[in-house]
Each structure stands twice: as C-alpha cells, then as structure tokens.
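Note sheet for the following structure.
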Amino acid sequence: MTYKNPPTTPRKSATFDDYTLSEIRRAAATGIYDIRGAGAKRKLPHFDDLLFLGASISRYPLEGYRERCDTSVVLGTRFAKKPIELKIPITIAGMSFGSLSGPAKEALGRGATAAGTSTTTGDGGMTEEERGHSKQLVYQYLPSRYGMNPRDLRRADAIEIVVGQGAKPGGGGMLLGQKISDRVANMRNLPKGIDQRSACRHPDWTGPDDLEIKILEIREITNWEKPIYIKVGGARPYYDTALAVKAGADVVVLDGMQGGTAATQEVFIEHVGQPTLACIRPAVQALQDLGMHRKVQLIVSGGIRNGADVAKALALGADAVSIGTAALVALGDNDPRWEAEYNELGTTAGAYDDWHEGKDPAGITTQDPELMKRVDPVAAGRRLANYLKVMTLETQTIARACGKNDVHNLEPEDLCALTVEAAAMAQVPLAGTSWIPGKGGF
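Taking our numbering, I'd label the letters of the sequence shown as residues 456 to 897.
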C-alpha cells in the first residue's frame with residue numbers, strides 16, 4: 456500500500472516577512488527609498504513593560520481626590536530671568552507650520568493654554584495664530600533657520616535649540632513641494648512647490664564649545680530672560696546630556712526613537728536611535744554626576760500616550776514629558792470618521808503616516824485649503840485640553856496610589872519591570888526579584 460505524505464502548511468520567513476518582501480519589490484520598481492511620517496512601528500521595550508508598586512502596608516497611600524497631589528513644574532530655573540511655570544508636567548512638542556496646517560497649529564496653542572502648559576513652534580517659524588493662542592510658546596531654533604528672526608526669539612517664552620530628533624538622530628527633516636504653499640514659502644524664504652530638506656547640523660557651530668557661544672549669543676538677544684532648551688535624539692544620552700549642561704542649557708529635551716516626524720526615510724525611523732525607555736536613566740545619571748539633577752530640567756518625549764507613561768517617565772527622573780503624535784490624534788488625526796478617504800489613499804485611519812504628501816483627510820497634516828476647513832481650531836483645542844486633563848488625572852491617581860503628594864516625588868523604587876530588557880534599560884528590578892540586570896543581586 457502506498458501512503459501519500461500529508462500536506463504541510465507553508466511556512467513564511469520571519470526575516471523575509473510580507474512587509475519586507477513588499478519593500479524589496481517597491482525599491483526594485485522605483486529605485487528610491489521610502490519616505491514616511493510618524494514614528495517607529497517595530498515593537499520596542501516601552502513604558503508598558505514597567506509596573507508601579509502601589510502602597511499597602513509598607514507604604515501609605517493618599518486618599519483619592521481629598522488629598523493634594525501637585526503637578527506643577529517650573530522649567531528654566533538655572534539661568535533664565537523668566538522661567539516657564541506650567542500647571543502640568545506635559546508639554547506639546549515642536550511640530551512645524553508647513554508640516555501641520557494653520558488651524559492645527561492654532562488648536563495646539565488653544566489646547567495647551569487651556570490645560571496650563573506650553574506648546575512649541577517646530578521648524579519654519581512662528582505663526583500669528585500660534586503666538587496669539589499660546590500663553591507659553593517655545594520657539595525652536597533648528598539647523599535650517601527657516602523663519603528664524605530675532606523679533607520672534609524675543610516674542611517667545613523659551614528657545615529650544617534642536618540638535619537631534621528621536622525619529623532621525625543625525626538626519627534632517629523633509630517637506631515636499633506639495634506642502635510649500637505661498638504662505639509656507641514666504642515664511643521659509645523658499646520657492647513655492649519645491650521640495651525642501653532641512654540640514655542635519657547647525658551651519659555655525661560644530662561642537663559643544665561652539666554651542667556654548669551660540670547659547671550666550673541667544674541669551675544676549677533675549678536679554679537673558681528666556682530659558683534655553685537643548686533637544687537631542689536618543690542616541691548617546693549620557694554624553695549628550697552632559698555636554699548640553701556644560702554648554703549652558705537650562706533644560707534638556709530627550710527624544711527617544713518612538714518619537715514621530717513629519718517625514719524622513721523609513722530606514723532612519725526604524726533603525727537609528729534608542730528606545731525612549733533606554734534613554735532616561737543615562738541622562739538622569741549625567742545630571743546627577745554633574746550635580747545638576749532638578750537644577751537643569753529634563754523633558755522626555757517619544758511615544759508618550761497616557762498618564763501611566765507620564766508617571767513612569769517622572770519616576771525614572773524626568774521633570775516633564777512632551778507629546779506630539781498623541782496630541783495630533785487628540786485633535787482628530789487618524790480619525791476613523793474619515794476611513795473611506797484613508798482607504799482611497801491606500802491606507803487605513805490607524806496606519807496613515809503619509810503626512811508628507813499633504814492629503815490628510817482630517818485636515819491636520821496638510822496645506823490643502825479645502826481639507827484644512829475640516830479642522831475647527833476651537834473644538835480641536837478643546838479635545839486636546841480634555842486629553843491633557845485626563846493624562847494629568849491619571850498621573851495623579853498613580854502618584855497618590857504610591858503615597859506621593861507631588862507627581863515629581865515618584866521614584867525608581869516605585870517601579871518594577873516585566874521583562875529583562877525593560878529592567879536593564881530602566882534600571883529597576885525584574886518583577887518578583889531584587890535583580891536589576893547588570894547590577895547583581897537576586
């Protein structure tokens with residue numbers, strides 16, 4: 456009797472998965488690399504891999520909303536005559552006018568102001584809507600110098616010198632021609648409709664000694680009033696933080712690779728930089744080694760989504776966090792109400808990241824006049840304010856559960872890790888043990 460071999464289920468390669476195969480075919484057909492927005496999509500160790508150890512007998516919790524839990528933070532206390540005072544430890548990251556529509560920038564200002572926090576200009580200069588509706592506005596000073604002028608430096612409440620960004624440390628930004636409208640071209644001093652690429656490094660300094668001179672120059676321009684932030688991508692957080700402090704920064708902004716971008720090569724987004732979780736403790740260690748922790752404030756960004764993320768970042772040593780992608784979602788980006796139009800673009804609401812093409816159905820990452828009309832800055836600002844309120848309440852809830860009357864009193868001792876990787880990166884014990892990988896113990 457002859458037996459036939461039973462059929463087997465075809466097995467696909469984990470290395471050459473469907474997405475990788477499609478990218479090979481796309482590259483072979485077009486001869487160009489892929490450009491997209493948003494942040495890393497690969498699974499990385501993140502804040503979800505940490506848990507809080509709430510109070511019980513050995514720790515005394517605070518009672519609900521009856522006992523105070525402070526959330527305020529002051530940024531720029533080192534040298535600035537006028538530090539920024541915020542009601543909450545959550546700020547809005549830099550996202551440019553050009554990448555975002557005018558109504559979206561206005562909505563960010565409205566929402567941040569209602570919540571008692573700051574927003575940030577991004578590349579391309581300061582719009583009147585943004586300045587007019589932002590009680591606290593941070594002005595980004597980027598390698599491109601697009602839209603930069605001394606008047607706006609003085610009109611800002613703080614200046615953020617951008618050295619690097621989490622989605623593309625070592626790389627510059629992109630803004631394709633279809634988003635260079637008359638207004639964007641005028642603000643950036645560029646020809647209309649022509650692709651532009653921001654430089655990856657500042658044209659007038661090459662190292663920390665030069666950076667110190669640049670910081671002093673900006674302080675002179677602004678009469679030593681404005682806090683000076685230095686923003687770095689999550690590449691070498693210990694040394695970058697230390698050098699920023701030595702150059703004279705009031706605040707260090709540290710952006711991990713889960714941070715988003717308007718547009719860059721996907722190979723950058725997925726393969727350059729370190730996860731946000733891996734960056735915080737080295738940066739804090741640098742501040743502690745210099746005796747500057749809490750004297751120079753640390754803002755962490757890159758994948759912050761909810762109050763638990765905020766609380767964990769603060770517990771690891773940050774003074775505040777910054778959100779970008781989450782803020783756009785709160786405004787209405789990637790909303791399923793526009794699913795049919797996202798489908799026409801060959802994508803879906805939750806996966807839409809072709810922000811550079813300027814076809815966003817939600818009207819947020821576009822310069823199309825008709826699409827922009829879909830954004831009501833007042834309503835969108837209200838949604839953002841609601842979201843920031845919820846994040847703050849969640850952070851307070853966790854802090855109270857850990858017995859803290861200030862969210863900044865959270866500490867690494869309040870945390871444990873679910874994975875060996877997260878334990879090593881966050882330098883907190885693996886759950887159920889006293890073991891911190893690389894530090895001994897059991």
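Here a beta-carbon is modelled for each residue, glycine too, at the ideal position from N, C-alpha and C.
Please read these numbers as outputs of a predicted model, since none were measured by experiment.
Spatial neighbours of residue i in its chain, beta-carbon cut-off 6 Å, leaving aside the 5 residues before and after
| i | result |
| --- | --- |
| E721 | D489, R491 |
| R838 | A785 |
| V529 | P538, E540 |
| V862 | T526, L769, T850, A854 |
| M747 | V700 |
| P737 | P692, Y693 |
| C524 | Q851, A854, R855, N860 |
| R514 | G858 |
| E615 | V593, Q595, Y684, K686 |
| M827 | S556, P558, G818 |
Boundaries (first-last residue) of the beta strand (DSSP E) holding residue i
| i | result |
| --- | --- |
| E615 | 613 to 617 |
| G688 | 683 to 688 |
| Q752 | 752 to 756 |
| L505 | 505 to 507 |
Per-residue burial, residue i [other beta carbons within 10 Å of its own, 16 or more giving buried]
| i | result |
| --- | --- |
| D637 | exposed |
| A834 | exposed |
| G779 | buried |
| Y474 | exposed |
| Q713 | buried |
| F552 | buried |
| D659 | exposed |
| G728 | buried |
| K750 | exposed |
| S777 | buried |
| P500 | buried |
| F502 | buried |
| Q743 | exposed |
| L759 | The amino acid occupying residue 759 in the given sequence is Ile; Leu does not appear at that position. Answer is buried; the Cβ neighbour count reaches 16. |
| R497 | exposed |
| A795 | exposed |
| H726 | exposed |
| R481 | exposed |
| D695 | buried |
| K623 | buried |
| T464 | exposed |
| R565 | buried |
| P730 | buried |
Contacting residues, own chain, Cβ-Cβ under 7 Å from residue i (five flanking each side not counted)
| i | result |
| --- | --- |
| G893 | A879 |
| Y797 | T803, A804, Y807, P816 |
| G571 | L541, K542, I543 |
| K560 | F552, T582, E584, E585 |
| I819 | L555, S556, A559, L783, L786, G787, D788, V830 |
| V765 | P544, I545, I759, V776, M846, T850 |
| Q822 | S556, K634, S636, V639, G813 |
| N604 | none |
Beta-carbon contacts of residue i that lie in its chain and below 8 Å, excluding the five residues immediately before and after
| i | result |
| --- | --- |
| A535 | A613, W679, E680, K681, P682, I683, D705 |
| I649 | G632, I635 |
| G519 | R855 |
| A886 | L506, C871, A872, L873 |
| P646 | I635, A640 |
| C655 | P598, G625, G626, G627 |
| A510 | P516, A856, C857, G858 |
Presumed contact (8 Å Cβ cut-off) between residue i and residue j, rounded CB distance
| i | j | result |
| --- | --- | --- |
| K686 | G619 | 7 Å |
| I724 | G579 | That belief does not hold up - the Cβ atoms of I724 and G579 are roughly 21 Å apart, past 8 Å. |
| V755 | P558 | Not really, about 29 Å apart at Cβ, beyond 8 Å. |
| L732 | A881 | 6 Å |
| L771 | V739 | 7 Å |
| L608 | T677 | 6 Å |
| G762 | L848 | 7 Å |
| G715 | C734 | Rounded, the Cβ-Cβ distance is 16 Å, inconsistent with contact. |
Range covered by the alpha helix (DSSP H) that runs through residue i
| i | result |
| --- | --- |
| D710 | It is not in any alpha helix (DSSP H) - D710 instead sits in the beta strand (DSSP E) that spans 706 to 710. |
| S477 | 473 to 485 |
| Q595 | Per DSSP, Q595 belongs to no alpha helix (DSSP H); it is in the beta strand (DSSP E), 592 to 596. |
| I735 | 731 to 744 |
| E522 | Per DSSP, E522 belongs to no alpha helix (DSSP H) and is neither H nor E. |
| D665 | 663 to 676 |
| I853 | 832 to 856 |
| A697 | 692 to 702 |
| I759 | Careful: I759 lies outside any alpha helix (DSSP H) and carries neither H nor E. |
| L826 | 824 to 827 |
Q: Would you mind listing the beta strand (DSSP E) stretches within the stretch 529 to 576 that are 3+ residues and don't spill past its ends, in chain order?
A: The stretch 529 to 576 contains these whole beta strand (DSSP E) runs: 539 to 541, 545 to 547.
Q.
Ignoring anything shorter than 3 residues, give me the beta strand (DSSP E) runs that lie fully in the stretch 864 to 894, in order along the chain.
A. If we require 3 residues or more, the beta strand (DSSP E) runs fully inside the stretch 864 to 894 come out as 870 to 872.
Q. Mind pulling the beta strand (DSSP E) runs of 3 or more residues that sit fully within the stretch 767 to 801?
A. Listed in chain order, they are 775 to 778.
Q.
In chain order, what are the residue ranges of uninterrupted alpha helix (DSSP H) at least 4 long that sit wholly in the stretch 605 to 657?
A. Fully enclosed alpha helix (DSSP H) runs of 4 or longer: 605 to 610, 637 to 643.
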